[in-house]
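In my numbering, each residue's number is its place in the sequence shown (first place is 1) plus 5. Quick reminder that beta carbons are idealized off the backbone N, C-alpha and C, glycines included.
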Amino acid sequence: MKTTTMQTKTMQKHRTNPAAGRFGSVMPALFAFLLLLSSISFASVNPKLELLNYSLSESPVQPGHTLVLTLRIKSLEPDNCASRVAVQLAVSYPLSISGSDTQYVESLCYTDADSAGTFTFLLPVDNLATTGTYPVSVSTTYEKLFTKFSEANTLNVRVGGAPAFTASVASSSPVDIYPGDDASVTVTFQNTGASMVQSSLATATARGIEVKWAGEEQAVGSIVARGSASATFHISAPKNLAPGAYPLDVRLDYAGEDRQNGTALFHFEVPIKPKAEFVAAYPVGSTLRAGAPQNADILLTNTGTQEARKLKVRIRPLFPFSTDGTVRYIDSLKPGQSVNLTYVITVDKDATSGSQLVGLLMDFEDPQGKTFSDSADFAMPVRLASFQESVEPYMPYLYLVVLVVVLVVLRKAAGAMKKKK
């Protein structure tokens, strides 16, 4: 029984070995199949698009121009094509999009020509754009078996341009400038360019009128694109200046954002309006005696370029003079015309000999009814009184004293003669 048993075990053992041999023959085929599956797992199941490069028709682009933006998009997976490809742009001021902001292609494959993935957009730039860098967003969407994919990119567009200037007279004080006036003229500079200036200096020169030295140069500072800044110049019109338009030239020197220096020149005309002017004079050879009131004739002449109307003339006495204070009225005094005015003037007895300053004050209107005030100073010769002139005021008293003395003497003489009789 044990032998049988042993024999049975031996037989079972021999029956098992053929099965193991068959399994060993299948292993190479199974290993090859696993390798194939492994190679298949490394191949992509999704398409992949990429913005390969782009080009700009102008960089930097100038305000008012239209920029041509060309995008080149490439499919990167050799065995997967992208379907329903849409390329969309998003921009902000000062850029805009001419036409649709989205372009489409039905599919894009790895083997397609470059032209298949080329997309062109027109981007107008606003006329008032300022220098700077502005973003353009590119969004690419596509599909594969109803699965959606997207890519996003941001491009930078540089807007350039140089500063450019215009200038105008914003104000003057006074508004109307006459001979003899000091005035302030404010000039405003407008930067019409796309770029700001970092610093600027304005210089004024003139002919006929005078630019006061303290105001010839004005630091204007920085001026932003499309912005403005002002400079005020102080001018003086000589009193004897003829009416007319006198040139005022202004030069603006500046440094741009790019540190490049620039210059702008401007020419203005400053109008000087006609006006009556006056000169007063005391007759040559006449003198006023100290210590007595006298009639003084003063010659007033309109030396200006316009008629003066409704004149009110007052004398402005300074020591040693005093007057009756009477106002003299003149209806009209045309250019070049003179009038004689008579005042009662008293010279103080303590005056010294020589020329002494006196003035006339005039209030008047021009032919348009605008009121003005003016003055005219002149000299009046003064001499000291002689002894005779000094005692002249006392002569009546002296005559009276003499008369009294004579009467007394005569009375005494008459009395003496009566006693003798």
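Inset, instruction - Under 7 Å Cβ to Cβ from G137, same chain only, skipping five residues before and after it: list those, please. - result: Mapped onto the sequence shown, residue 137 falls at position 132. Same-chain partners within the cutoff: V164.
Inset, instruction - Look at the alpha carbon of E82 and the alpha carbon of T116, and state the distance between them as a whole number of angstroms. - result: As a working mapping, residue 82 is identified with position 77 in the sequence shown. As a working mapping, residue 116 is identified with position 111 in the sequence shown. If I take the Cα positions, the gap works out to 9 Å.
Legend entry - Per-residue DSSP class, three states only, for L2: Because the chain spans 6 through 426 in this model, residue 2 falls outside it and cannot be assessed.
Inset, instruction - With DSSP as the reference, label L415 as helix, strand or coil. - result: Within the sequence shown, the letter at position 410 stands for residue 415. In this structure, L415 counts as helix in the three-state DSSP scheme.
Legend entry - L366, enclosing beta strand (DSSP E) - first and last residue: Here residue 366 corresponds to residue number 361 of the sequence shown, with the count starting at 1. Its beta strand (DSSP E) spans residues 359 to 370.
Inset, instruction - Please report the residue range of the beta strand (DSSP E) in which E148 lies. - result: As a first step, residue 148 must be located in the sequence shown, where it is residue number 143. If you look at E148, you'll find it in the beta strand (DSSP E) that goes 137 to 149.
Legend entry - Whole-number beta carbon distance between D186 and A242, since they are thought to touch under 8 Å: Taking the first residue of the sequence shown as 1, we reach residue 242 at position 237. Taking the first residue of the sequence shown as 1, we reach residue 186 at position 181. Correct: roughly 5 Å between the Cβ atoms.
Inset, instruction - Given a cut-off of 8 Å, decide if A313 and N307 are closer than it, judged by their beta-carbon atoms. - result: The residue given as residue 307 occupies position 302 in the sequence shown. The residue given as residue 313 occupies position 308 in the sequence shown. Result yes, Cβ atoms of N307 and A313 sit closer than 8 Å.
Inset, instruction - Just list the beta strand (DSSP E) runs in the region 280 to 341, keeping only unbroken ones of 3 residues or longer that don't cross its boundaries, in chain order. - result: Correct list: 283 to 286, 298 to 307, 313 to 321, 326 to 328, 333 to 338.
Inset, instruction - State yes or no: is the C-beta of L438 within less than 8 Å of the C-beta of S360? - result: What the structure shows of the chain is the stretch from 6 to 426, and residue 438 is not part of that stretch, so it cannot be assessed.
Inset, instruction - Using the DSSP secondary-structure output, state which residues sit across from Q195 in a beta bridge. - result: As a first step, residue 195 must be located in the sequence shown, where it is residue number 190. Beta-bridge pairing links Q195 to T171, S233.
Inset, instruction - Please confirm whether V162 and L100 have their CB atoms less than 8 Å apart. - result: Here residue 162 refers to the residue found at position 157 when the sequence shown is read from its first residue. Here residue 100 refers to the residue found at position 95 when the sequence shown is read from its first residue. Cβ distance < 8 Å, so V162 and L100 count as in contact.
Legend entry - Buried versus exposed, by CB contacts within 10 Å (16 or more), L405: Numbered from its first residue, the sequence shown carries residue 405 at position 400. Result: exposed.
Legend entry - Neighbourhood of S204 by C-beta, 7 Å cutoff - its chain only, sequence neighbours within 5 removed: Position 199 of the sequence shown, counted from the start, is the residue given in the question as residue 204. Closer than 7 Å at Cβ, skipping near neighbours: G226, S227, Y259, A260.
Inset, instruction - Assign A242 to one of three DSSP states: helix, strand, or coil. - result: Taking the first residue of the sequence shown as 1, we reach residue 242 at position 237. Coil at A242, not helix or strand.
Inset, instruction - Classify G166 as helix, strand or coil using the three-state DSSP reduction. - result: Taking the first residue of the sequence shown as position 1, residue 166 is located at position 161. Coil, per DSSP.
Inset, instruction - Alpha carbon to alpha carbon, how far is D368 from D254? Give it in angstroms, no decimals. - result: As a first step, residue 254 must be located in the sequence shown, where it is residue number 249. As a first step, residue 368 must be located in the sequence shown, where it is residue number 363. In this structure, the straight-line span from the alpha carbon of D254 to that of D368 is close to 35 Å.
Legend entry - Cβ-Cβ distance between I335 and V349 below 8 Å: Start at 1 with the first residue of the sequence shown, and residue 335 comes out as number 330. Start at 1 with the first residue of the sequence shown, and residue 349 comes out as number 344. Cβ atoms of I335 and V349: not closer than 8 Å.
Inset, instruction - Starting from the C-beta of Q342, find all residues in its chain whose C-beta is less than 6 Å away, skip the five residues before and the five after it, and write them out in chain order. - result: The residue given as residue 342 occupies position 337 in the sequence shown. Excluding positions up to five away in sequence, the list reads N307.
Legend entry - N-terminal and C-terminal residue of the beta strand (DSSP E) that H70 is part of: As a first step, residue 70 must be located in the sequence shown, where it is residue number 65. Unbroken run through H70: none, as it is neither H nor E.
Legend entry - CA nearest to the CA of S337, picked from A281, A134, T347: Mapped onto the sequence shown, residue 337 falls at position 332. Ranking A281, A134, T347 by Cα distance to S337 puts A281 first.
Inset, instruction - Taking all protein chains shown into account, decide if L316 is buried (16 or more other Cβ within 10 angstroms of its Cβ) or exposed. - result: Your numbering for residue 316 matches position 311 in the sequence shown. Here L316 is buried. Its C-beta has 16 or more other C-beta atoms within 10 Å.
Inset, instruction - Spell out a yes or no on whether the region 142 to 153 and the region 88 to 100 are touching, meaning 3 or more CB-CB pairs, one atom from each, closer than 8 Å. - result: A contact exists between the region 142 to 153 and the region 88 to 100.
Legend entry - A285 and L366 closer than 8 Å at C-beta: Along the sequence shown, one-based indexing puts residue 285 at 280. Along the sequence shown, one-based indexing puts residue 366 at 361. Not closer than 8 Å, so no.
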